[in-house]
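**Student:** FYI, full-length UniProt numbering numbers position 2 of the sequence shown as 2, with every residue one higher than the one before it. For glycine and all other residues, C-beta sits at the position ideal for the given N, C-alpha and C. Note that this is a predicted model, so its numbers are computed, not measured. Quick one: this structure, given as structure tokens, is what I'll be asking you about.
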Amino acid sequence: MRSYSLIAPAKINLYLEILGDRPDGYHELVMILQSIDLADKIDLRPIGTDAIRIHCDHPQVPQDQSNLAYRAAELMVEQFPDVYARFGGVEISIQKNIPVAAGLAGGSTNAAAILVGIDMMWQLGLTQPELQDLAAKLGSDVPFCLGGGTALATGRGEQLSSLPSLDSLYVVLAKDRNLMISTPWAYQAYRAEFGHSYVQDAKTLKSRAERMHSGPIVQAIINKNHAQIAQRLHNDLEKVVLPTTPPVSQLREAFESCGALGTMMSGSGPTIFALATSQAHANEMQQQVKAMIRDPDVEFWVTKFSNRGIQVVSAVN
Ligand code: C5P
Numbered sequence: 001m002r003s004y005s006l007i008a009p010a011k012i013n014l015y016l017e018i019l020g021d022r023p024d025g026y027h028e029l030v031m032i033l034q035s036i037d038l039a040d041k042i043d044l045r046p047i048g049t050d051a052i053r054i055h056c057d058h059p060q061v062p063q064d065q066s067n068l069a070y071r072a073a074e075l076m077v078e079q080f081p082d083v084y085a086r087f088g089g090v091e092i093s094i095q096k097n098i099p100v101a102a103g104l105a106g107g108s109t110n111a112a113a114i115l116v117g118i119d120m121m122w123q124l125g126l127t128q129p130e131l132q133d134l135a136a137k138l139g140s141d142v143p144f145c146l147g148g149g150t151a152l153a154t155g156r157g158e159q160l161s162s163l164p165s166l167d168s169l170y171v172v173l174a175k176d177r178n179l180m181i182s183t184p185w186a187y188q189a190y191r192a193e194f195g196h197s198y199v200q201d202a203k204t205l206k207s208r209a210e211r212m213h214s215g216p217i218v219q220a221i222i223n224k225n226h227a228q229i230a231q232r233l234h235n236d237l238e239k240v241v242l243p244t245t246p247p248v249s250q251l252r253e254a255f256e257s258c259g260a261l262g263t264m265m266s267g268s269g270p271t272i273f274a275l276a277t278s279q280a281h282a283n284e285m286q287q288q289v290k291a292m293i294r295d296p297d298v299e300f301w302v303t304k305f306s307n308r309g310i311q312v313v314s315a316v317n
């Protein structure tokens, strides 16, 4: 059996609208998800024993069952017990570059890489829809992370339609290393404040999700109109995170005043991203915001939109 190295890219949300409640306790969403070049590296190695082992170089990443990558491996063991009994376990090593609990799907993309890697290691030959179904059992963003690129996501976030790729935009990310926001908290806080305005009936929910396919930001993406995309960025979760987390709104204001094409919080935050037309524009914005914020705990990354999800970079015997 072979060992595999995979690249697992982060994502940002160009759009996140909360429509209403779902019977399963989650929210009905319409989102536009975008892969970026900032990525973790995952190494998967077969081990002859019946165990799943996980290592990560980052102190905030759990090295047990609470890690979503571990749960992805456990799910494969549950689904394919005979193959596991024949081939034995896996050792997972995660080289973490994506900030943790940041709204960038770091855990989700690691889990997606484990599904792809174990599928190859055990020669299961799973189809893309089969991998998507397994991914949806692990989390709402995991199906997107498999194929990546630019996509419209509806339902819980797991129903995907590809959009034309936008790989020529640059992005600056900024996050205070001491800030972490719990995604369940952000959604609960949103429900508590805005639940009264949720769409209640299934027919309206469906038509709102369908209308998104021809909505203004999708049109801007189809036309590759960067200025319009930037104007139409939207994230409902900002309404609960920005007022309660002043450092996040300060960062957002700083990017706005430094010439960002557009700026927004990603997912449930606390990462703020700012769009730029070139690497030079992105670097300049990063320098200006750094000088304005003057906080050594705020970390920055300059990266680019990507049209790819999980990539296998090597397979060795
Ligand atoms: O699916 P995932 O585990 O990534 O979701 C994390 C949390 O975000 C959920 O436990 C839920 O509180 C919230 N969520 C939601 N509706 C969604 C997706 C996530 O309420 N569609």
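What is the DSSP secondary structure of PRO216, reduced to helix, strand or coil?
**Tutor:** The answer is helix: DSSP assigns PRO216 an H, G or I state.
**Student:** Per DSSP, ASN235 is paired with what?
**Tutor:** Paired residues: LEU16.
**Student:** Hey, quick one: how far does the alpha helix (DSSP H) through LEU205 stretch, first residue to last?
**Tutor:** Where LEU205 is concerned, the enclosing alpha helix (DSSP H) stretches over 202-211.
**Student:** Any residue with its Cβ nearer than 6 angstroms to a heavy atom of the ligand C5P should be included. What is that list in chain order?
**Tutor:** Cβ-based neighbours of the ligand C5P within the cut-off: TYR26, HIS27, LEU29, GLY139, SER140, ASP141, ARG156, GLY157, THR183, PRO184, TYR187.
**Student:** In angstroms with no decimal places, state the Cα-to-Cα distance between GLY267 and ILE12.
**Tutor:** Those two C-alpha atoms are separated by around 7 angstroms.
**Student:** Pull the bridge partners of PHE255 from the DSSP assignment, please.
**Tutor:** DSSP, once it has assigned bridges, lists no residue as partnering PHE255.
**Student:** Using a 10 Å radius around the Cβ and a threshold of 16 neighbouring Cβ atoms, would you call LYS224 buried or exposed?
**Tutor:** Per the 10 Å Cβ criterion, exposed.
**Student:** Between PRO247, PHE273, ASN317, which has its C-alpha nearest PHE255's C-alpha?
**Tutor:** Residue PHE273 is the option with its Cα nearest to PHE255.
**Student:** Which partner residues of GLY262 appear in the DSSP bridge assignment?
**Tutor:** Its beta-bridge partners are LEU275.
**Student:** Rounded C-beta distance between LEU44 and TYR70? I'm assuming under 8 angstroms.
**Tutor:** 12 angstroms between Cβ atoms; not a contact.
**Student:** Let's test the definition: count the other Cβ atoms within 10 Å of the Cβ of ASN317 and tell me whether it reaches 16, buried, or not, exposed.
**Tutor:** Exposed: under 16 other Cβ atoms inside 10 Å.
**Student:** Since MET31 is in the beta strand (DSSP E), which residue starts that stretch and which ends it?
**Tutor:** Unbroken beta strand (DSSP E) run through MET31: 27-47.
**Student:** Kindly indicate which three-state DSSP category PHE80 falls into: helix, strand or coil?
**Tutor:** Coil, per DSSP.
**Student:** Spatial neighbours of GLU299 within its chain, please: C-beta separation below 6 angstroms, excluding the five flanking residues on both sides.
**Tutor:** Cβ within range, chain order: LYS175, ARG177.
**Student:** Please name the residue in GLY117, PHE80, PRO59 whose C-alpha comes closest to that of ALA315.
**Tutor:** Comparing Cα positions, the closest option is GLY117.
**Student:** Suppose you measure from the CA of LEU14 to the CA of GLY269; what does that come to, to the nearest Å?
**Tutor:** Straight-line Cα distance between these residues: approximately 13 angstroms.
**Student:** Rounded to the nearest angstrom, how far is the Cβ of SER35 from that of GLY157, given a contact under 8 angstroms?
**Tutor:** The Cβ separation is near 15 angstroms, so there is no contact.
**Student:** What do you reckon, are the CB atoms on ALA73 and VAL61 nearer than 8 angstroms?
**Tutor:** For ALA73 and VAL61, no; Cβs fall outside 8 angstroms.
**Student:** Write down every uninterrupted run of the alpha helix (DSSP H) in the UniProt domain "GHMP kinase N-terminal" (67-149) whose length is 4 residues or greater and which is fully enclosed by it, in chain order.
**Tutor:** DSSP runs (the alpha helix (DSSP H)) wholly in the UniProt domain "GHMP kinase N-terminal" (67-149): 68-79, 81-87, 106-121, 128-138, 142-147.
**Student:** Tell me the DSSP secondary structure of ARG53 in three-state form.
**Tutor:** It is a strand residue.
**Student:** Does DSSP classify ILE181 as helix, strand or coil?
**Tutor:** If DSSP states are grouped into helix, strand and coil, ILE181 belongs with coil.
**Student:** Look at the Cβ atom of ALA112, then the Cβ atom of VAL142, and state whether they are nearer than 8 angstroms.
**Tutor:** Contact: yes.
**Student:** Name the two residues that bound the continuous beta strand (DSSP E) containing GLN159.
**Tutor:** Where GLN159 is concerned, the enclosing beta strand (DSSP E) stretches over 159-162.
**Student:** Can you tell me whether SER108 is buried or exposed? The criterion is at least 16 other CB atoms within 10 Å of its CB, across all chains shown.
**Tutor:** The residue is buried, with at least 16 neighbouring Cβ atoms inside 10 Å.
**Student:** When you compare only the Cα positions, how much space is there between THR244 and ILE293?
**Tutor:** About 19 angstroms.
**Student:** According to DSSP, what are the bridge partners of ALA153?
**Tutor:** Paired residue(s): MET31, LEU160.
**Student:** Measuring straight from C-alpha to C-alpha, what distance separates ALA260 and GLN79?
**Tutor:** Computed Cα separation, rounded: 46 angstroms.
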